[in-house]
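For reference, the structure discussed in these notes is given below.
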Amino acid sequence: MNSGLELKNVSKSYGSFTLNNISLSIPGGTITGLIGANGAGKTTLIKCILSLLRPEQGKITFRGLDSIEDEQAFKEEIGVALDECPYHDIFTPPEVGRVMAGLYQAWDMPRFEQYLTQFGLPRDKKIKTFSRGMKMKLSIAAALSHHPRLLLLDEATSGLDPIVREEILDELLAFIEDEEHAVLLSSHITSDLEKVCDYIACLHQGELILRGEKDELLTGYGRLLCTRAELDRVDKSLLHGVRASQFSCEALVKDKRVFRQAYPELTVDPITLEELMLFLIKGEVL
Amino acid sequence: MTGLLQKEFYIFKSISKTYLIIWCCFALATVFQFYMPSFFVVITTFLFGMLPITTMKQDELSRWTVFAAATPATRAGIVNAKYLFGVLGCLLALAGNLALVTALSLAGRLEESVPLGILLFLAVIMFTLALVFQALLLPINFRFGTQKGSIAMIVIAAGGAGAIIAILSVAEVEPATYSFAPSPWLLVPLLLIGFLALCLSKKISSGIMKKKEL
Numbered sequence: 060m061n062s063g064l065e066l067k068n069v070s071k072s073y074g075s076f077t078l079n080n081i082s083l084s085i086p087g088g089t090i091t092g093l094i095g096a097n098g099a100g101k102t103t104l105i106k107c108i109l110s111l112l113r114p115e116q117g118k119i120t121f122r123g124l125d126s127i128e129d130e131q132a133f134k135e136e137i138g139v140a141l142d143e144c145p146y147h148d149i150f151t152p153p154e155v156g157r158v159m160a161g162l163y164q165a166w167d168m169p170r171f172e173q174y175l176t177q178f179g180l181p182r183d184k185k186i187k188t189f190s191r192g193m194k195m196k197l198s199i200a201a202a203l204s205h206h207p208r209l210l211l212l213d214e215a216t217s218g219l220d221p222i223v224r225e226e227i228l229d230e231l232l233a234f235i236e237d238e239e240h241a242v243l244l245s246s247h248i249t250s251d252l253e254k255v256c257d258y259i260a261c262l263h264q265g266e267l268i269l270r271g272e273k274d275e276l277l278t279g280y281g282r283l284l285c286t287r288a289e290l291d292r293v294d295k296s297l298l299h300g301v302r303a304s305q306f307s308c309e310a311l312v313k314d315k316r317v318f319r320q321a322y323p324e325l326t327v328d329p330i331t332l333e334e335l336m337l338f339l340i341k342g343e344v345l
Numbered sequence: 040m041t042g043l044l045q046k047e048f049y050i051f052k053s054i055s056k057t058y059l060i061i062w063c064c065f066a067l068a069t070v071f072q073f074y075m076p077s078f079f080v081v082i083t084t085f086l087f088g089m090l091p092i093t094t095m096k097q098d099e100l101s102r103w104t105v106f107a108a109a110t111p112a113t114r115a116g117i118v119n120a121k122y123l124f125g126v127l128g129c130l131l132a133l134a135g136n137l138a139l140v141t142a143l144s145l146a147g148r149l150e151e152s153v154p155l156g157i158l159l160f161l162a163v164i165m166f167t168l169a170l171v172f173q174a175l176l177l178p179i180n181f182r183f184g185t186q187k188g189s190i191a192m193i194v195i196a197a198g199g200a201g202a203i204i205a206i207l208s209v210a211e212v213e214p215a216t217y218s219f220a221p222s223p224w225l226l227v228p229l230l231l232i233g234f235l236a237l238c239l240s241k242k243i244s245s246g247i248m249k250k251k252e253l
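In order, the protein sequences belong to chains A and B.
First residue of the first sequence? That's 60 in this note's numbering, and the numbers climb one at a time after it.
First residue of the second sequence? That's 40 in this note's numbering, and the numbers climb one at a time after it.
This is how it looks when you write it as structure tokens:
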């Protein structure tokens, strides 16, 4: 795998919020999902990568290009789709194309036209007549039309219906068929991330509390559903967090295989990304 | 930067009909002598001088600036394009003003109002004032956004109105008693002041944008 985006010890204080010492690597040919609650720091991290916010410390590079020192070359390599379509309502898609052609050296108009056709976007209509899904498809079409090697998507699929989301996710999968391409996708919709991501990074209150290969995380972690009495006799070092209710307890098991060997009588279920995130963020730490 | 300028022109294209209608209304009112040609010069220069602020409001609505700063256009490009577009807006106003007052003069409709020389002089002074107006407003809008920038605009416009009224009071003196013959050479330092103010302002705006958290 090629080295892609590298974040080393990135810190940024922003109002009362601090993004604390984040180190993250996004290899080529992969999609990394960035998860976390609202205000966890996902957008702040993406803005730091794009130099929209200046980190107080740390270094961000992509294929050896520094985000500050080689700003223009760095940004030529990146396709960006933010949570809202940034193009003026009065523009038509071809006008967007002509504006973008003046921003990116490698802008490929035929490719943009091809995406407009593929996504079924009308050329003669103004953006103000577009639905949210159409606007987001336009953003992604523009983000892909200058031959970027890295795609940064900040909540780009939120608020979209499953059909449009599926189309966008398919496009992301096609994009990373090239081993030099990588995607960082921040989303609340963990089911989307489960479908397409190779790696997961979870932010909580500005800290990177989890990172790893998605398949390893989902096959390693498990969910124990038991009574309080059963929980009391379990070795707590095998668990990560607990959520207790009046009638039962749920615990996050660190390693399903090891736990099943130690407690074959207890049932450990597979865990979803959403449950994993909830445990990590809201679970009582043992 | 060409993409950023193109974006400005697309926004202008979308409001150009309104601008053209306003310009034509004022031009017709001036031709039929509803008011002095000097009023037309002041109003149209102000209207076109406001163009970069108008497009900045549109940029804020669509969160364009954040996106543009994430592209290779960079923050410096955003500032440069806005200032360049501002100057082009002022030049457009100047061209319109010169065309109309020259046409009025050729049609012999200026005899009872203001001499052509004074009007041309006024048009260039207004062009300079519009540059200064932009020089004052653009850094404020880059720093605080267009909402707070609007308040600053009212304050600056109120202050500027005093200057304009003073200019008009000079320009509208009866031709018979008019004793001031403006030298074209006087325009050179005036224009220089306008462009210097704009250059200084651009430097300040670049500094603001460089540090701004988007």
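Ideal Cβ placement from N, Cα and C applies to all residues, glycine included.
Predicted, not measured: the structure shown is a model, and the values here were computed from it.
Practice problem: Using a Cβ cut-off of 7 Å, pull out every chain B residue sitting near aspartate 291/A, in sequence order please. | Solution: Mapped onto the first sequence, residue 291/A falls at position 232. Ordered by position in chain B, no residue passes the 7 Å Cβ test against aspartate 291/A, which lies about 49 Å from the chain.
Exercise. Could you tell me the distance, in whole angstroms, from the CA atom of isoleucine 193/B to the CA atom of phenylalanine 166/B?
Key: For this step, residue 193/B is matched to residue 154 along the second sequence. For this step, residue 166/B is matched to residue 127 along the second sequence. Distance between the alpha carbons of isoleucine 193/B and phenylalanine 166/B: 19 Å.
Quiz item: How far does the beta strand (DSSP E) with cysteine 285/A in it reach, from first residue to last?
Solution: Mapped onto the first sequence, residue 285/A falls at position 226. For cysteine 285/A, the enclosing beta strand (DSSP E) has its first and last residue at 281-285.
Exercise. Establish whether the CB of isoleucine 149/A and some CB of chain B are separated by less than 9 Å.
Key: For this step, residue 149/A is matched to residue 90 along the first sequence. The beta carbon of isoleucine 149/A sits closer than 9 Å to some beta carbon of chain B.
Quiz item: Using a Cβ-Cβ distance under 9 Å, would proline 145/A count as near chain B?
Solution: As a first step, residue 145/A must be located in the first sequence, where it is residue number 86. Chain B, which has a Cβ nearer than 9 Å to the Cβ of proline 145/A, makes this yes.
Quiz item: Touching or not, the segment 195-209 of chain A and the segment 225-234 of chain A, by the rule of three or more beta carbon pairs under 8 Å?
Solution: Yes, since at least three Cβ pairs between the segment 195-209 of chain A and the segment 225-234 of chain A fall closer than 8 Å, the two stretches touch.
Quiz item: Is the segment 71-85 of chain A touching the segment 255-265 of chain A, taking contact as three or more C-beta pairs under 8 Å?
Solution: Enough Cβ pairs lie closer than 8 Å, so yes.
Exercise. Could you name the residues of the segment 147-179 of chain A whose beta carbon sits closer than 8 Å to any beta carbon of chain B, in the order they occur along the chain?
Key: For the segment 147-179 of chain A, the set of positions with a beta-carbon nearer than 8 Å to some beta-carbon of chain B reads His147, Asp148, Ile149, Phe150, Glu154, Arg157, Val158, Met159, Ala160, Gly161, Leu162, Tyr163, Gln164 in chain order.
Quiz item: Where DSSP assigns a beta bridge to aspartate 328/A, which residues make up the other side?
Solution: Counting from one through the first sequence, the residue named residue 328/A turns up at place 269. According to DSSP, which records beta bridges pairwise, aspartate 328/A is partnered with Arg282/A.
Quiz item: Hey, valine 242/A and leucine 211/A: beta-carbon distance below 9 Å or not?
Solution: One-based indexing of the first sequence puts residue 242/A at position 183. One-based indexing of the first sequence puts residue 211/A at position 152. Their beta carbons are under 9 Å apart, which means valine 242/A touches leucine 211/A by this criterion.
Quiz item: Which of the residues in the segment 99-113 of chain A, read from start to end, lie with their CB under 8 Å from any CB of chain B?
Solution: Going along the segment 99-113 of chain A in chain order, one finds Lys106, Leu109, Ser110, Leu111, Leu112, Arg113 with a Cβ nearer than 8 Å to chain B.
Quiz item: Listing by chain order, which chain A residues have their CB less than 7 Å from the CB of tryptophan 42/B?
Solution: On the second sequence, residue 42/B is found 3 positions in, with the first residue counted as 1. Residue identity differs from the one stated: residue 42/B is glycine in this sequence, not tryptophan. Near glycine 42/B (Cβ distances below 7 Å), the residues of chain A are Val158, Met159, Ala160, Gly161, Leu162.
Quiz item: Looking at the unbroken alpha helix (DSSP H) that takes in arginine 270/A, where does it start and where does it end?
Solution: Within the first sequence, numbered from 1, the residue matching residue 270/A stands at position 211. Looking at the DSSP string, arginine 270/A is not in any alpha helix (DSSP H); the run it does join, the beta strand (DSSP E), is 266-272.
Quiz prompt | Cα-Cα separation between leucine 168/B and glycine 233/B, rounded to whole angstroms | solution = Taking the first residue of the second sequence as position 1, residue 168/B is located at position 129. Taking the first residue of the second sequence as position 1, residue 233/B is located at position 194. About 7 Å.
Quiz item: Taking the alpha-carbon positions, what's the cysteine 285/A to serine 307/A distance?
Solution: Working through the first sequence from its first residue, we reach residue 285/A at position 226. Working through the first sequence from its first residue, we reach residue 307/A at position 248. CA-to-CA, the gap between cysteine 285/A and serine 307/A works out to about 6 Å.
Self-check item: leucine 203/A versus methionine 159/A: straight-line alpha-carbon distance, rounded
Solution: Taking the first sequence and counting its residues from 1, one reaches residue 203/A at position 144. Taking the first sequence and counting its residues from 1, one reaches residue 159/A at position 100. C-alpha separation (whole angstroms): 11 Å.
Quiz prompt | Partners in chain E for glutamate 130/A, counting only beta-carbon separations shorter than 7 Å | solution = The structure shown has no chain E; the protein chains it does contain are A and B.
Quiz item: Listed in chain order, which residues of the segment 57-74 of chain B have Cβ atoms closer than 8 Å to some Cβ of chain A?
Solution: Within the segment 57-74 of chain B, no residue qualifies.
Quiz item: According to DSSP, what are the bridge partners of alanine 140/A?
Solution: The count along the first sequence starts at 1 and reaches residue 140/A at position 81. Leu212/A.
Practice problem: Examine chain A for any beta-carbon lying closer than 9 Å to the beta-carbon of arginine 182/B, and answer yes or no. | Solution: Residue numbering aside, residue 182/B sits at position 143 when the second sequence is read from its first letter. The C-beta of arginine 182/B comes no closer than 9 Å to any C-beta of chain A.
Exercise. Could you tell me whether the segment 43-62 of chain B touches the segment 116-131 of chain B, using the rule of 3 or more Cβ pairs below 8 Å?
Key: Touching, yes.
Quiz item: Below 8 Å, can you find three or more Cβ-Cβ pairs linking the segment 235-245 of chain B to the segment 173-182 of chain B?
Solution: With the cut-off at 8 Å, the segment 235-245 of chain B and the segment 173-182 of chain B touch.
Quiz prompt | Pairwise C-alpha distance: lysine 101/A and leucine 131/B | solution = The residue given as residue 131/B occupies position 92 in the second sequence. The residue given as residue 101/A occupies position 42 in the first sequence. The alpha-carbon atoms of leucine 131/B and lysine 101/A are separated by roughly 45 Å.
Self-check item: arginine 170/A in three-state terms, based on DSSP
Solution: Position 111 of the first sequence, counted from the first residue, corresponds to residue 170/A. Helix at arginine 170/A.
Self-check item: Proximity test, Cβ basis, 9 Å: leucine 141/A and chain B
Solution: Start at 1 with the first residue of the first sequence, and residue 141/A comes out as number 82. At least one chain B Cβ lies under 9 Å of leucine 141/A.
Exercise. Classify tyrosine 280/A as buried or exposed, calling it buried when 16 or more other Cβ atoms lie within 10 Å of its own Cβ.
Key: Within the first sequence, numbered from 1, the residue matching residue 280/A stands at position 221. Buried, because 16 or more other Cβ atoms sit within 10 Å of the Cβ of tyrosine 280/A.
Self-check item: Selection from Leu337/A, Arg316/A, Glu266/A, Leu66/A that minimises the alpha carbon distance to valine 301/A
Solution: Against the first sequence, residue 301/A aligns to sequence position 242. The shortest Cα separation from valine 301/A among Leu337/A, Arg316/A, Glu266/A, Leu66/A belongs to Leu337/A.
Quiz prompt | Three or more C-beta pairs below 8 Å linking the segment 173-191 of chain A and the segment 57-65 of chain B | solution = Judged by Cβ distances under 8 Å, the segment 173-191 of chain A makes no contact with the segment 57-65 of chain B, as fewer than three pairs qualify.
Exercise. Quick one: give me the first and last residue of the alpha helix (DSSP H) that leucine 143/B is part of.
Key: Taking the second sequence and counting its residues from 1, the one referred to as residue 143/B is at position 104. 113-145 is the span of the alpha helix (DSSP H), which, as asked, contains leucine 143/B.
Exercise. At 8 Å on the CB atoms, spell out the chain A contacts of tryptophan 224/B, in chain order.
Key: The residue given as residue 224/B occupies position 185 in the second sequence. Those within 8 Å of tryptophan 224/B in chain A number zero; the least Cβ separation is about 40 Å.
Quiz prompt | Residues from the segment 148-176 of chain B in contact with chain A, defined by Cβ distance under 8 Å | solution = If the cut-off is 8 Å between Cβ atoms, the segment 148-176 of chain B has nothing near chain A.
Exercise. Could you please give the first and the last residue of the uninterrupted beta strand (DSSP E) stretch that includes threonine 120/A?
Key: The sequence position of residue 120/A within the first sequence is 61, counting from 1. Segment 116-121, the beta strand (DSSP E) holding threonine 120/A.
Quiz item: Is any beta-carbon of chain A found at less than 9 Å from that of tyrosine 122/B?
Solution: For the purposes of this step, residue 122/B is taken as the residue at position 83 of the second sequence. No, its Cβ sits nowhere closer than 9 Å to a Cβ of chain A.
Quiz item: What residue range is occupied by the uninterrupted beta strand (DSSP E) comprising leucine 243/A?
Solution: Looking up residue 243/A in the first sequence gives position 184. Per DSSP, leucine 243/A belongs to the beta strand (DSSP E) from 241-245.
Quiz prompt | Run of the alpha helix (DSSP H) containing phenylalanine 48/B, from where it starts to where it stops | solution = By one-based count along the second sequence, residue 48/B stands at place 9. Taken as a continuous stretch (DSSP letters only), the alpha helix (DSSP H) holding phenylalanine 48/B covers 41-70.
Quiz item: Who are the neighbours of isoleucine 50/B on chain A, taking C-beta pairs under 9 Å?
Solution: Position 11 of the second sequence, counted from the first residue, corresponds to residue 50/B. The answer, in chain order, is His147, Ile149, Phe150.
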